[in-house]
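Residue numbers (this note's numbering), protein chains in the order written: chain A, 1430 to 1670; chain B, 213 to 595. Here the structure comes first, spelled out in structure tokens, and everything after it is commentary.
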């Protein structure tokens, strides 16, 4: 577990030692700021503003997540440092988890900056309820977690940054809009239901609306676990080959 | 300390390492020698546990690499061929990270990092970003990470490749200072390195161990007869006649013929009977006949000559195709390990092998080497 922390520490260091973190966070904040602004001038009710903002930013996380994670394994493969990690007394899952946590840390920092919008709302006299706020941010973090784990998985599969980015974007997008994409609305057969169920969008709405559902939380956590496990397996398979 | 038992590795359907067996004792430095693509890196990777062997096993410090990978990795310091550096980190931060994941306890960490930076002579760049360092420094930072946890076993894959002569000497110096407490495997294709650093040599070609012997033994085997080099003033036919008439001499060769001016100087090689020492007789005979003896030295075949000979005599392996699943092959293709694939390993045909002595027949002094004696040595070597 200590190793996981060391890996996270190094990855966070790497994010902030290069322009990556700053550029990506700036882009993220510019867009989320524009979203906020466009809602804030139209809508009067503060909670309503945040609700709309949460669901749009949640979708935006998809791109953010893909971009910041694709280098995590592909880059190390390219430079040969993967050989260092895997000849050190570190377990595969410690590496994978450490890297995923580093991307989560970056998300965390980016989301911290968005508290600024809240501050504006409150200063301007808006009344924001705590419940929906907590569930909204929790939802964003969970979504970020899913997209990062997909990105990490793609990075381990492709071992090439560009291919990994494309893979993870396509995969995340499909997972995000799967239900609406292939199922006609109103369909209730089991295929339709299943596809709708595994669609990310379905589960994200609840968080944005301020409805905390344990099933949604478990759904996201299992997706994260699944992809992180896949990442670890993909790495071990390669080494055994 | 290190034991390889029948290590075998396939890349797709190609068998790149074939039942490799060897042992390295505590405190021993062993040179792993072989042409590019011989399987050195793959063998090392299997010992470190980076790659899993298809069959056979590697044991390090009593732990099986497959069964106890973490215990093994704790005890190994490994410098891969592509030095695994994080270019965005400073030297100090990098060593701190590697010390952490190698499990150096926090109270020793700082002291240990200072120590290895001094050993590897990188203290002056401690605060610099690795990406901006010169190749020599990078290589030494790589070496520092391999020893930061004071491992029992150190494995270095071509530690001096791509360095300039001065940097090579510095790296060798560092490596030599490490000897004694650590068992070390060092792969290289620079022979000089082996002779300056290693106690024992393992020559690998086409994935097999051809030779596993001490350096002294290897050199002794390479020495087929007592050979002398002479530089003599005087007409060559007369000199040859004189030398050939001496007892205990089997062959005399004239190297550069230059008889135009009186008092010309020629070079000769003289093969004596094994065990005999005809030097005094030669000197006496030459001076008695009024020739000027300018130089007399014993010619020992260099390690390089021995190596080239062993490698060229190694017959190509019939490509026994043993099927492996296609899945494995697909996985391999993605790997950027082309340097280690058996690309241009000396896959010579029978004809080429027969011609090999002609390639060998002139050493750097241009003297002729008897191709026939190779068979005898070949059988010696294989024991």
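Yeah, the Cβ is synthetic: ideal placement off N, Cα and C, and Gly gets one too.
When the five nearest sequence neighbours on each side are left out, the beta carbons in the same chain lying within less than 8 angstroms of the beta carbon of residue 411(B) are those of 240, 241, 242, 426 and 427, in order along the chain. Counting other Cβ atoms within 10 Å of its Cβ, residue 1444(A) reaches 16 or more and is therefore classed as buried. By the Cβ-count criterion, residue 385(B) is exposed, with fewer than 16 other Cβ atoms from all chains shown falling within 10 Å of its own Cβ. The criterion of a C-beta distance shorter than 8 angstroms is satisfied by residue 519(B) and residue 403(B). Using a Cβ-Cβ distance cut-off of 8 angstroms, the stretch 1472-1481 of chain A and the stretch 1432-1443 of chain A are not in contact, since fewer than three pairs of beta carbons, one from each stretch, lie closer than that value. Contact of residue 1515(A) with chain B is assigned, a C-beta pair being separated by under 8 angstroms. The beta carbon of residue 1440(A) sits no closer than 8 angstroms to any beta carbon of chain B.
Of the other Cβ atoms in all chains shown, 16 or more fall within 10 Å of the Cβ of residue 1515(A); this residue is therefore buried. Against chain A, the CB of residue 215(B) has no partner CB under 8 angstroms away; the residue lies outside that interface.
Less than 8 angstroms divides the Cβ of residue 1601(A) from the Cβ of residue 1495(A). At a cut-off of 8 angstroms between beta carbons, residue 1518(A) contacts chain B. Chain-order list of chain B residues neighbouring residue 1554(A): empty, with the shortest C-beta distance near 45 angstroms, by a criterion of under 9 angstroms. Take the alpha-carbon of residue 1469(A) and the one of residue 1554(A): they are about 13 angstroms apart. In this structure, residue 311(B) sits near residue 321(B), with a CB-CB distance shorter than 8 angstroms. DSSP places residue 478(B) inside the beta strand (DSSP E), whose first and last residues are 477-484. For the stretch 1466-1520 of chain A, the continuous alpha helix (DSSP H) assignments of 4+ residues that do not extend past its boundaries occur at 1475-1508 and 1510-1514, in sequence order. Within 9 angstroms of the CB of residue 1432(A), the CB atoms of chain B belong to 312, 313 and 315, in sequence order along the chain. One finds 1443, 1446 and 1447 in chain A with Cβ atoms closer than 7 angstroms to the Cβ of residue 300(B), taken in chain order. Within the same chain, 307, 328, 329, 332 and 334 come within 7 angstroms of residue 356(B) by CB-CB distance, once the 5 residues on both sides are set aside.
Neighbours of residue 1435(A) in chain B, taken as residues at a C-beta separation under 8 angstroms, are given in chain order as 309, 312 and 313. Rounded to whole angstroms, the gap between the alpha carbons of residue 1485(A) and residue 1573(A) is 13 angstroms. Cα atoms of residue 505(B) and residue 457(B): separation of roughly 17 angstroms, rounded to the nearest angstrom.
Between residue 1532(A) and residue 1501(A), the beta carbon gap of about 7 angstroms places them in contact (Cβ cut-off 8 angstroms).
About 6 angstroms separates the CB atoms of residue 285(B) and residue 1517(A); that is less than 8 angstroms, so the two are in contact. For residue 441(B), DSSP records a beta bridge to 481(B) and 509(B). Under the 10 Å beta carbon count, residue 1537(A) is surrounded by fewer than 16 other beta carbons and is classified as exposed. A Cβ-Cβ separation of about 6 angstroms places residue 460(B) in contact with residue 484(B) under the 8 angstroms criterion. Per DSSP, reduced to three states, the secondary structure at residue 234(B) is strand. According to the DSSP secondary-structure assignment, residue 217(B) is paired through a beta bridge with 269(B). Residue 276(B) has 271(B) as its beta-bridge partners, per DSSP. Only exposed fits residue 1544(A), as fewer than 16 other CB atoms lie within 10 angstroms of its CB. Excluding residues up to 5 positions away in sequence, 1528 and 1531 lie with their Cβ nearer than 6 angstroms to the Cβ of residue 1440(A) in the same chain.
Classified as exposed, residue 1623(A) has fewer than 16 neighbouring CB atoms from the shown chains inside 10 Å of its CB. None of the residues of the stretch 1563-1584 of chain A has a beta carbon lying less than 8 angstroms from any beta carbon of chain B. Residue pairing for residue 291(B): DSSP places it in a beta bridge opposite 368(B). Looking at the DSSP output, residue 391(B) sits in a beta bridge with 394(B).
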